[in-house]
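If you're matching positions, the sequence shown starts at 5 in the working numbering and goes up one per residue.
For each residue, glycine too, the CB sits at the ideal point set by N, CA and C.
All values derive from a computational prediction rather than experimental measurement.
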Amino acid sequence: MTAFNAVRFRVKPGQDQAFLDAHKKIHADWPGLRHVNIIKTGDRSYCIIAEWDGMDALAKARPNEIAYSSPGVGNTGHLAAALFESLAKVKTIHVPYKGTAPAVIAVLSGETQLTWSSIPAILPHVRAGRARALGVGNTKRLPSLPDFPTVAEAGVPGFECVAWGGLIGPANMPRDIVLRLSKETVATLNQKDVIDRTLSEGTVPAPSGPDEFLAYMKSELKKWGEVVKIAGIKPE
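Here you go:
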C-alpha cells in the first residue's frame, strides 16, 4: 500500500510566483487533475495533494522533491518505489530507515511525504485518519478495502508489488513430506476464520501447490532483478 501524510514544499520568500506557475502548469498538463491545492502561511507556501493522480503529476512536475520512507535498502518498499519510478517516469527521494515501524512513523510525523508499506503495518493509521491511502500494489482491489484503487488503475499501468510469504524447506526434503505439508497448509488457509482474519488485516490468502509456488518465486526473482538493475540499487 502507498500512503502519505501530506506533501509539503517549502518555498523561499520571493519564489511564490514561480511556485504558482508550476501549480498552473500541472493543471495545464493534466486537465483532469482536481486535487492539487496551495495554502499560504506568512512568507512560506506549501503544496498539499490529496489523491494518487496529484502525487503522480506533482512528482513529474517537481522531480527529486517528494521523499518516501522505506524499511531499508532493497526492502519491498524500496523496490516498489523503484518500480513506480520506472513505470511512471518520475524521480523521488529514497529515505531508508531501520525497519517498518520507523518508516511508518516517518510519514506520520512529516519527516517524509510518502511511504510504500505492507498493508498490515499502515492500515491502522489509515483507518484512524493519521495517513491517507493512495493505492494498493495488488492487481485487483482488496475485498476488505474496496475503496482503495490499485496503483495500476490509479494511473500507473503494469504496476504490481505485493509482500508475500510461503513455506520453504530443506533442499532434499522428500517429495511426500512436501506434498503433505502443502496439503495441510492449503487446507488451513482455506478455513473461513483464517480467510476472514487475514482479509481484515489487508492480507489476501493465496494457497497454492509447491510447483506453482516455485514458478512464482522464479518469476518474482526475474522481475525484481530487472528492477534492481534498472534502478542501480546496491546492497549496503
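Rounded to a whole number of angstroms, what is the C-alpha to C-alpha distance between residue i and residue j?
i: G36; j: M177; result: Unreliable positioning characterises G36 in this predicted model, as indicated by a pLDDT of 42, which lies under 50. The coordinate reading is nonetheless provided below. Cα-Cα distance, rounded: 56 Å.
i: G139; j: L146; result: 10 Å
i: V99; j: V108; result: 12 Å
i: P106; j: P75; result: 7 Å
i: M221; j: S90; result: 22 Å
i: H82; j: V231; result: 10 Å
i: G114; j: L185; result: 45 Å
i: E69; j: Q117; result: 10 Å
i: A137; j: E188; result: 35 Å
i: D215; j: I172; result: 12 Å
i: V94; j: E164; result: 17 Å
i: L127; j: G206; result: 7 Å
i: E240; j: T143; result: 31 Å
i: V130; j: G78; result: 25 Å
i: G213; j: I199; result: 18 Å
i: K226; j: I237; result: 15 Å
If contacts are defined as beta-carbon pairs under 8 Å, then residue i and residue j qualify, I think. What distance do you get, rounded to the angstrom?
i: A84; j: G141; result: 6 Å
i: T202; j: P209; result: 5 Å
i: L112; j: A135; result: 6 Å
i: T80; j: A167; result: 5 Å
i: F3; j: G170; result: This structure leaves residue 3 out entirely; the chain is present only between 5 and 240.
Using the rule of at least 16 other Cβ atoms within 10 Å of the residue's Cβ for burial, across every protein chain shown, is residue i buried or exposed?
i: G229; result: exposed
i: N194; result: exposed
i: G159; result: buried
i: A110; result: buried
i: S223; result: exposed
i: T241; result: In the structure displayed, the chain extends from 5 to 240; residue 241 sits before or after that span and is not available.
i: A92; result: buried
i: S204; result: exposed
i: I43; result: Below a pLDDT of 50, predicted positions are generally treated as unreliable, and I43, at 36, falls in that range; the measurement from the model is reported next regardless. When all chains shown are included, I43 counts as exposed.
Contact the segment 178 to 189 vs the segment 114 to 122: 3+ CB pairs below 8 Å:
no
Where are the alpha helix (DSSP H) runs, 4 residues long or more, that stay fully inside the segment 126 to 209, in chain order?
179 to 193, 196 to 204
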